[in-house]
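Residue numbers (my numbering), protein chains in the order written: chain A, 592 to 744; chain B, 592 to 744.
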């Protein structure tokens, strides 16, 4: 299935839409279970180490992505973790202080799920930098890997 | 001192600038000490009850504002609490799901402090609704009350 990523010029938003062949409860679990999330978050070939991972409202996360080219750290806090929704902050530790806020909703399509995500950045420039970093490839490949995890669980 | 509040039309941002006659450490403490924050956050005549208040990176808050006309709940999580910066989420529980992200910086002006705040909302509409709610009065009056707290501590 294809991932739609929209970054309207001149705005600080990124919108993502993707369907998965599993119910919302399974998609949520893949986002909140530490044993599952390390299997799909990040591009193909990326290894993920969880330093902290407490996926509930008021919890926090900190992880490191590693591949042959180097490593990148990320951290954030969970404002909301509910059956149909996750709202979390996101900071790439290579650009500290540029924190974005991501709202994901999981819509039940009758055994399938539409994941809709909306990220807001502190400025249009910070959003543009994120887009230019190759973020689209990372998201598209993550969701391809998530398809596989959902098939196997 | 006067509070400058900027909400550029067609954007999801609110920017605030305010100077205080106290050093950054005192302004930070007024934001992170539960005994102090209840004395100034909110308009004149508003009573503030803390349900949860853990003002450190990874912590959370939940409070209720009450006056003769009723009560309003707010909650959020702290992404960053450092000497010169607080980054936190903010949700008015009367409009659940519309979460904004606020970045405050405390700049040392030599014994005085400039507080600069930038909030980003999930949409231009959510930002406009917040502005139309009378938020400006609440912020301006909060900072007048904070002047008094800083004088006394």
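The C-beta atom is built at its ideal place from N, Cα and C for all residues, glycine as well.
The C-beta of residue 695 of chain B has 16 or more other C-beta atoms within 10 Å across all chains shown, which makes the residue buried.
The beta carbon of residue 740 of chain A is closer than 8 Å to those of 621, 627, 630 and 631 in its chain, skipping five residues each way along the sequence. In the three-state reduction of the DSSP assignment, residue 637 of chain A falls in the coil class. For residue 626 of chain B, no beta strand (DSSP E) run applies; the uninterrupted alpha helix (DSSP H) run containing it begins and ends at 625 to 628, by DSSP. In the structure shown, the three-state DSSP call for residue 719 of chain B is helix. Residue-level contact by beta carbon holds for residue 678 of chain B and chain A, with a gap shorter than 7 Å.
The region 655 to 662 of chain B makes contact with the region 633 to 645 of chain B; the number of CB pairs closer than 8 Å reaches 3 or more.
Below the 7 Å Cβ cutoff, chain B contributes 649 as neighbours of residue 651 of chain A, in chain order. Taking the CA atoms as reference points, residue 605 of chain B sits about 11 Å from residue 707 of chain B. The C-beta distance from residue 614 of chain A to residue 704 of chain A rounds to 6 Å, short enough to fall under 8 Å. With at least 16 other beta carbons inside 10 angstroms of its own, residue 721 of chain B counts as buried.
For residue 609 of chain A, the CB contacts under 6 Å within the same chain, skipping 5 residues up- and downstream, are 594, 706 and 734 in chain order.
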